[in-house]
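Q: Would you mind keeping the following structure in view while I ask a few things?
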Amino acid sequence: MANPSATPSSIPSWMERFDITDPSARPFPYLVTAFLLAIVVYSLQGPRYPKNIKHLNPRGPLEFSDTRPKKEFVDGSREMIAKWFKANPDKPCRVISDFGEVILLPPRFANEIKSDDQLSFSKWSYKAFHAHLPGFEGFREGSRDSHIVQEVIMRDLTKYLNKVTEPLAEETSLAIEDILPKHANGEWSTINIRQKILPIIARISSRVFLGEELCRNEEWLKVTQEYTLDGFRAAEELRLWPAALRPIVHWFLPSCQAARAHVRVARSIIDPVLKKRRQEKAANGGKAEHDDAIEWFERTAKGKYYDPAVAQLNMSLAAIHTTSDLVCQVMTDLMHNPEYIAPLREEMIQILSEGGWKKTSLYNMKLLDSVIKESQRVKPIGMASMRRYVGKDLTLSDGTFIPKGGNVAVSAHNMWDSEVYEQPDKWDGRRFLRMRETPGKENMAQLVSTGPDHLGFGHGQHACPGRFFAANEVKIAVIYLLLNYEWRLPEGSDPKVRTFGFSMGVDPSLKVEYKGRQAEIEL
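Mapping to the numbering used here: the sequence shown position 520 is 520, numbers consecutive.
Right, dumping it as structure tokens:
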């Protein structure tokens, strides 16, 4: 029988230069070993979390990566967290999440940590959304230490609300007419609600951020919607990989490739507009002709470096992702509870007839405010809030130690706790309206109010700075959707909440039915 080993003539010429008996001549296995060893060492680095805090999904004794516990958390987070806090309502726990290891605090700690300067949302966001990698620049701009995005939102956008209400309503009307056409025969149409609400919110947000000049630019609207979807999807997918591999893996993931392409398109749209505006401003003696987010960023930056295109992407990410999800959830809940639609319409018609499109008109729609807050209570954007990076060692009032470099978050389970809310599993659109009529609880019952028992917008100094704008935007969208259309769920429809780790979202495949109706007043 012939010897199966290779003969000299069968060995490629480039291999003949190496002595295969010499380990140094066979580098590949050693490179692989060194690479895997680096991953193990990397995974063992980081903060040392206290062992006296219960770990809900620890690594096994022979596991050197977080792959399995991460997947376990991503797939079963809600049940895992609910089970722990049902048995231990006042005790923190540890979880290995797709964001890494996190100390999850019970809601009673929300007030204690809400103003701690050593707990940083920006640094948590920078790490969680891979802001150092190409394609994730839209997340990076909101994570800068300069806080330029937050300053623009709090100083300019929030103060601009009274001026912006009428333009928002105008753009909502135009957008909805384009995206949800009414059929002359009055027949019901079936749509994917998420796919229709997303472009509506993108357009009305862009009216404020970019003005009429760009808010109907199809290329810009397309890139903001797709970056919202692909950016969050890319971040989720990349978090499932070991941190040491992410700088390599992101080059090959299709969602990350798509995110990079969207950033390039965004720059090609925004940069020429900004260049033109700067030239016009210089020719006009430094006086700005526009009053939108492009100009707000220029004014706030005061000549310091910032990235204009990705700053706009960051604004769009924040507005489109959370707002469209909330509008979809409100409409779904109203289709489940159609008895609320008539009184909501009555409130809308009465207040708009008396006051028109003003910020005060939206404030006075107290039933609508309650309905939206209840939808956010039942299904917030996440089952944990107040996610923070820990800047220095921290010891809480009960002795819980949180190490520097760690991650901390507050569980949102009070929103579903029977000791906090009566029949918490039931959607009750008047819940917060009744609370608002209770002496001493008038303010905390409002949609934009935050607290340990309702973390829909976070809480404390890092609570969502754009929540006042978002609240008005959601209200205007729902007003138009209810006054201009009839809505219903298809027979047998049973919408499911999509969970992915801490995140909770509307079922992306949800189909609903609508048909046009004649609004009682001119909108």
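Yeah, the Cβ is synthetic: ideal placement off N, Cα and C, and Gly gets one too.
Closer than 7 angstroms by C-beta to E347: which residues in its own chain qualify, once you throw out the five before and the five after it? Chain order, please.
A: Sequence index remark: in the sequence shown, residue 347 carries index 347 (1-based). Cβ within range, chain order: M365, L367 and L368.
Q: In or out: E187 buried (at least 16 other Cβ within 10 Å) or exposed?
A: Your numbering for residue 187 matches position 187 in the sequence shown. Label assigned to E187: exposed.
Q: Identify which residue in Q518, L447 and R387 has its Cα closest to the Cα of P106.
A: Your numbering for residue 106 matches position 106 in the sequence shown. Looking at the Cα atoms, R387 is the closest of the given residues.
Q: Taking C-beta to C-beta, are T450 and H459 nearer than 8 angstroms?
A: On the sequence shown, position 450 is the one that residue 450 refers to. On the sequence shown, position 459 is the one that residue 459 refers to. Cβ atoms of T450 and H459: closer than 8 angstroms.
Q: Quick one: residues in its chain with C-beta nearer than 7 angstroms to the C-beta of E374, no 5 flanking neighbours on either side, listed in chain order?
A: Residue numbering aside, residue 374 sits at position 374 when the sequence shown is read from its first letter. Cβ within range, chain order: W427, D428, G429, R431 and F432.
Q: Return helix, strand or coil for N185, following the three-state DSSP convention.
A: By 1-based counting over the sequence shown, the position of residue 185 is 185. N185 falls in the coil class under three-state DSSP.
Q: Between the C-alpha atoms of E141 and R267, what's the straight-line distance to the nearest angstrom?
A: Position 141 of the sequence shown, counting from 1, holds the residue named residue 141. Position 267 of the sequence shown, counting from 1, holds the residue named residue 267. About 14 angstroms.
Q: Restricting to runs no shorter than 4 residues, where is the alpha helix (DSSP H) found entirely within the region 248 to 335?
A: 254 to 283 and 293 to 301
Q: Start and end of the beta strand (DSSP E) containing G100?
A: Position 100 of the sequence shown, counting from 1, holds the residue named residue 100. Counting along the chain, the beta strand (DSSP E) containing G100 begins and ends at G100 to L105.
Q: Sort out for me which residues DSSP pairs V408 with in a bridge.
A: Position 408 of the sequence shown, counting from 1, holds the residue named residue 408. V408 is bridged to I103 and R388.
Q: Let me confirm a value: R48 is counted as buried when at least 16 other C-beta atoms fall within 10 Å, else exposed. Which label applies?
A: For the purposes of this step, residue 48 is taken as the residue at position 48 of the sequence shown. The residue is exposed, with fewer than 16 neighbouring Cβ atoms inside 10 Å.
Q: Looking at C-alpha atoms only, which residue of F502, W84 and L362 is the closest neighbour of D75?
A: Walking along the sequence shown from the start, residue 75 turns up at place 75. Closest by alpha carbon: F502.
Q: Count the other CB atoms within 10 Å of the CB of P508; is the residue buried (16 or more) or exposed (fewer)?
A: Taking the first residue of the sequence shown as 1, we reach residue 508 at position 508. The residue is exposed, with fewer than 16 neighbouring Cβ atoms inside 10 Å.
Q: Need the endpoints of the alpha helix (DSSP H) that T172 sits in, please.
A: Along the sequence shown, one-based indexing puts residue 172 at 172. L161 to I179 is the span of the alpha helix (DSSP H), which, as asked, contains T172.
Q: Under the three-state reduction of DSSP, which class applies to M444: helix, strand or coil?
A: Within the sequence shown, numbered from 1, the residue matching residue 444 stands at position 444. Coil, per DSSP.
Q: As an exercise, report each continuous alpha helix (DSSP H) stretch of at least 4 residues that is fully enclosed by the region 355 to 381, in chain order.
A: The qualifying runs are 359 to 364 and 366 to 378.
Q: For H55, list the residues DSSP reports as bridge partners.
A: Taking the sequence shown and counting its residues from 1, the one referred to as residue 55 is at position 55. R94, per the DSSP bridge assignment.
Q: Please classify N52: is it buried, with 16 or more other beta-carbons within 10 angstroms of its beta-carbon, or exposed?
A: For the purposes of this step, residue 52 is taken as the residue at position 52 of the sequence shown. Exposed.
Q: Considering just the uninterrupted stretch of the beta strand (DSSP E) at T499, what are its terminal residues?
A: Counting from one through the sequence shown, the residue named residue 499 turns up at place 499. Per DSSP, T499 belongs to the beta strand (DSSP E) from R498 to F500.
Q: Helix, strand or coil for H459, going by three-state DSSP, please let me know.
A: As a first step, residue 459 is located in the sequence shown; it is residue number 459 there, counting from the start. The answer is coil: DSSP assigns H459 none of H, G, I, E or B.
Q: Per DSSP, which residues does I153 bridge with? Please list them.
A: By one-based count along the sequence shown, residue 153 stands at place 153. Looking at the DSSP assignment, I153 forms no beta bridge with any residue, so it has no partner.
Q: How about N484 and I176: are their beta carbons less than 8 angstroms apart?
A: Residue 484 sits at position 484 when you count from the first residue of the sequence shown. Residue 176 sits at position 176 when you count from the first residue of the sequence shown. Taking 8 angstroms as the Cβ cut-off, N484 and I176 qualify as a contacting pair.
Q: Of the residues M383, S385 and V408, which one's Cα is nearest the Cα of K392?
A: The residue given as residue 392 occupies position 392 in the sequence shown. Measuring from the Cα of K392, the nearest candidate turns out to be V408.
Q: Ends of the beta strand (DSSP E) at R488?
A: By one-based count along the sequence shown, residue 488 stands at place 488. Under the DSSP assignment, R488 falls in the beta strand (DSSP E) whose first and last residues are Y485 to R488.
Q: Tell me, please, whether the region 345 to 364 touches the region 256 to 266 by the rule of three or more beta-carbon pairs shorter than 8 angstroms.
A: no
Q: Measuring straight from C-alpha to C-alpha, what distance separates N162 and G516?
A: Walking along the sequence shown from the start, residue 162 turns up at place 162. Walking along the sequence shown from the start, residue 516 turns up at place 516. Looking at the two C-alpha atoms, the distance is approximately 30 angstroms.
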